[in-house]
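Please read the structure below before turning to the comments.
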């Protein structure tokens, strides 16, 4: 068997791939909606059958929530790499239905600028991306009797609701999963329809709630104004002081663990000619905000942020009420990069706030999400292999991209199992992920399947 | 007839005064609750009968809301002053009923540190205070056939809901009301149970809502954080910048029309030994906030303020949501003093905010309440007369007091009718106005009735 055979088999089986893909898309496995709990299980069972059919020992394992599909294939034996494929079978709710041009759980093929596309909830996120590597593994099975590497698979059903059961699951099944060498994740995007990407940076997060309390009750602003501490005034002052004139965050030591961007990488990103104006224009803005003097891609991929995600206090109804509130609240989150430690950031936030709290106020700081940033070693054998096969598949090298958001599961694999991740995804920015009329270009799906087949061959030494 | 006769008549008729007072308190004239609309009219009719009985030409006049009682008495004729008494017959809702120790609309006499007190909704605010001057006028009628001054009366039924119909009413009936020389208002407090007060300063108000808009929709803080303008960050920064380190308000020209406090007045207030710690301790605070280096009474009566009364934006539910909101909102009000013009303050606020709005944000500023501050001339004949009679009644001179809050009707009388007001009230700080178990000390009511009788005699030249 050669890579050429596998790729030819994939190309020859497009209709069969599409048929299986559509079967999976027809299952409305919406994890957020209890009415779809049985559908989530059906999707897990569908995957169990699919993996069993291509030679995997497969189990649907229970969690406190929706089940997880775990499968293993020993590969050819010998000293081959052990890859752990991660994906999720659950999807976002399809509401509002009236904005869909075709039923969200009846996959429909439409023509687009890049050829045919599939419109359905989950078309890309993540059923389409899972189908790419499942199809590559099936071709290995059908052409060569099995994959050239040792393979494990973990497909969860709660990614769209924050993977509440996953950390416990990883800890419980660590012995079974830990032997892998690398986690392969396809849940990210290409740079554009012709340019592949390897995501090597994921920003982390520290998300807190600040609760400020002052007087023992709401006060009349006439009688007490000028004497009583106003917690909303105070909260505004604290939050307003978290950035300086240049948009830099003023927490003590905040940038200590933020490494400079290597010149070569900065140049590579510069050469991408990212269209800042279009990026912002799509959301009704025209000028980058935040840290001054940096290009948009650096701000998004390699610089930390501080955003107030919510604020509330006092009278918020119609008209006026002359009240000095007894309390004020805000949700504040930091996107983290480099070696920033979310817990150190929480500590710094706490110091920053408490230093500004006068005698008569009381503050509580709740710590919610804490995810460390992830930086993938761009010189690792996994990234090197992915770079080679993507260059072959697309005729141009992949972009070493960042992601502004967190993918918490990647941090979990690192923290709980000690495993690095290789993130190669084939979505496009216009896929309408989480929105009505989610779509996945057929060319992307096939490029993805072929790339995964190439990667298997490359790593298994069968190029 | 002499003042002594009138005062003796008042003292001899305590039981009759109490009987009429209780009759009025039994009418649940809650202006805020439509179910009590008929009760409001009953209270107006009760007052019409009372005023008619003591020689007034009286009408119950319609408004868009609850009716207004207007009455006139020509007095003895000749060159006597013309006083316009203002009061309101409506009361706050009594809820929560379960916190009352006796039914709110069944007046009950209890013993207190200052002797008997009446517990009922409206006991002091404003039925009790209205009953004081009504009783003084009745004694004039019964002893001398009528008051020694020309008298007009205006008793409205919507004060507790912000007097929405009053300005239009004053304008409509200006010809009827404008001939008065001075408005007499009893809706304020004494300094303490033994010390009368004339309120000569009322803070004004400018109340605005700031609505900030940025992106065309809510954004994911991972994808857009660091590039997209966060309107809550911006709003915090703007609001947080409205005070300097010393608690002074930073709007351009804000203090231009704030006169210094005359030394003599500052000394008088100082000599009152106002207990700042107790004042703040009652609301769970210990240290004055706001402008540094000023005593609490000056902060409350003679200095302007800026309080954020409400703020909202973004995600305010449980837990975390990684959103950059498209909009953010705040309600901001200023208490004004001296010659500050609410509209000039609005203009300054608008400039302050707009100077800080970057290209990508849009702001709307709604102007709600605008009431100019009121400063009564302490050397006027009305204040001088009140000072003399209060000194006689209490054996000590009255405090020239301020009020932290606005009494909008006082500004309306000035603006619409060109009339100054004389504010002499006999409530106490512990009267639980607007709260369960509202009370009025019987001694205060009788002191008030006697003081009003003395004032009528003093101004009518019959002392």
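Chains as they are written, first to last, in my numbering: chain D, 327 to 789; chain F, 327 to 789. Think of the CB as a built atom: it goes at the ideal place given N, C-alpha and C, for glycine as much as any other residue.
What's the call for residue i, buried or exposed, on a 16-neighbour Cβ count within 10 Å?
{"i": "residue 760(F)", "result": "exposed"}
{"i": "residue 727(D)", "result": "buried"}
{"i": "residue 588(F)", "result": "exposed"}
{"i": "residue 383(F)", "result": "exposed"}
{"i": "residue 777(F)", "result": "buried"}
{"i": "residue 472(F)", "result": "buried"}
{"i": "residue 330(F)", "result": "exposed"}
{"i": "residue 452(F)", "result": "buried"}
{"i": "residue 748(F)", "result": "buried"}
{"i": "residue 551(D)", "result": "buried"}
{"i": "residue 797(F)", "result": "Any question about residue 797(F) goes unanswered here, given that chain F covers just 327 to 789."}
{"i": "residue 405(F)", "result": "exposed"}
{"i": "residue 721(F)", "result": "exposed"}
{"i": "residue 572(D)", "result": "exposed"}
{"i": "residue 764(D)", "result": "buried"}
{"i": "residue 498(F)", "result": "exposed"}
{"i": "residue 542(F)", "result": "exposed"}
{"i": "residue 624(D)", "result": "buried"}
{"i": "residue 798(D)", "result": "The requested residue 798(D) does not occur in the structure, where chain D is confined to residues 327 to 789."}
{"i": "residue 443(D)", "result": "buried"}
{"i": "residue 528(F)", "result": "buried"}
Along the chain, where does the alpha helix (DSSP H) that runs through residue i open and close?
{"i": "residue 674(D)", "result": "668–681"}
{"i": "residue 590(D)", "result": "589–597"}
{"i": "residue 469(F)", "result": "453–470"}
{"i": "residue 340(D)", "result": "340–351"}
{"i": "residue 497(F)", "result": "492–498"}
{"i": "residue 363(D)", "result": "363–379"}
{"i": "residue 741(F)", "result": "734–743"}
{"i": "residue 602(F)", "result": "602–607"}
{"i": "residue 563(D)", "result": "557–566"}
{"i": "residue 577(D)", "result": "From DSSP, residue 577(D) is part of no alpha helix (DSSP H); its letter is neither H nor E."}
{"i": "residue 550(D)", "result": "547–550"}
Strictly by DSSP, which residues pair up with residue i?
{"i": "residue 412(F)", "result": "480(F), 511(F)"}
{"i": "residue 442(D)", "result": "437(D)"}
{"i": "residue 767(F)", "result": "443(F)"}
{"i": "residue 538(F)", "result": "654(F), 689(F)"}
{"i": "residue 662(F)", "result": "530(F)"}
{"i": "residue 696(D)", "result": "532(D)"}
{"i": "residue 426(F)", "result": "Per DSSP, none; premise fails for residue 426(F)."}
{"i": "residue 638(D)", "result": "655(D), 638(F)"}
For the beta strand (DSSP E) that contains residue i, what are its first and last residues?
{"i": "residue 729(F)", "result": "725–729"}
{"i": "residue 629(F)", "result": "Counting along the chain, residue 629(F) falls outside any beta strand (DSSP E), and DSSP gives it neither H nor E."}
{"i": "residue 527(D)", "result": "523–528"}
{"i": "residue 749(D)", "result": "747–750"}
{"i": "residue 718(D)", "result": "First-last for residue 718(D): 707–720, but that is the alpha helix (DSSP H), not the beta strand (DSSP E)."}
{"i": "residue 384(F)", "result": "383–387"}
{"i": "residue 417(F)", "result": "It is not in any beta strand (DSSP E) - residue 417(F) carries neither H nor E in the DSSP assignment."}
{"i": "residue 794(F)", "result": "In this structure chain F extends from 327 to 789, so residue 794(F) is not present and cannot be described."}
May I ask whether a heavy atom of the ligand COA can be found less than 8 Å away from the beta carbon of residue i?
{"i": "residue 665(D)", "result": "Looking for the ligand COA in the displayed structure turns up nothing, as the structure carries no ligands at all."}
Segment contact flag, the segment 645–656 of chain F with the segment 630–641 of chain D, C-beta cutoff 8 Å, min 3 pairs: Cβ pair count under 8 Å is three or more, so yes.
Validate contact between the segment 595–605 of chain D and the segment 665–677 of chain D using beta carbons, cut 8 Å, 3 pairs: Here the segment 595–605 of chain D does not lie against the segment 665–677 of chain D, with fewer than 3 beta-carbon pairs under 8 Å apart.
At least three beta-carbon pairs within less than 8 Å, the segment 497–511 of chain D to the segment 662–670 of chain D: Short answer: they don't touch.
Interfacial residues, the segment 681–708 of chain F to chain B, with Cβ spacing under 8 Å: Annotation note: the requested chain B is absent from the structure, which comprises protein chains D and F.
Three CB pairs or more closer than 8 Å across the segment 544–557 of chain F and the segment 580–595 of chain F: The segment 544–557 of chain F, when compared against the segment 580–595 of chain F, does not touch it at the 8 Å Cβ threshold.
At least 3 beta-carbon pairs within less than 8 Å: the segment 428–447 of chain F vs the segment 530–542 of chain F: In short, these stretches do not touch, since the Cβ pair count stays below three.
Inter-stretch contact at 8 Å, needing at least 3 Cβ pairs: the segment 344–354 of chain F / the segment 733–748 of chain D: Short answer: they don't touch.
Segment contact flag, the segment 442–462 of chain F with the segment 762–774 of chain F, C-beta cutoff 8 Å, min 3 pairs: Yes, the segment 442–462 of chain F is in contact with the segment 762–774 of chain F.
contact_flag[the segment 475–495 of chain D, the segment 408–420 of chain D] where n(CB pairs < 8 Å) is 3 or more: Under the Cβ criterion (8 Å, minimum of three pairs), the segment 475–495 of chain D counts as touching the segment 408–420 of chain D.
The segment 383–403 of chain D in contact with the segment 364–372 of chain D per 3-pair CB rule at 8 Å: At 8 Å Cβ cutoff, the stretches touch.
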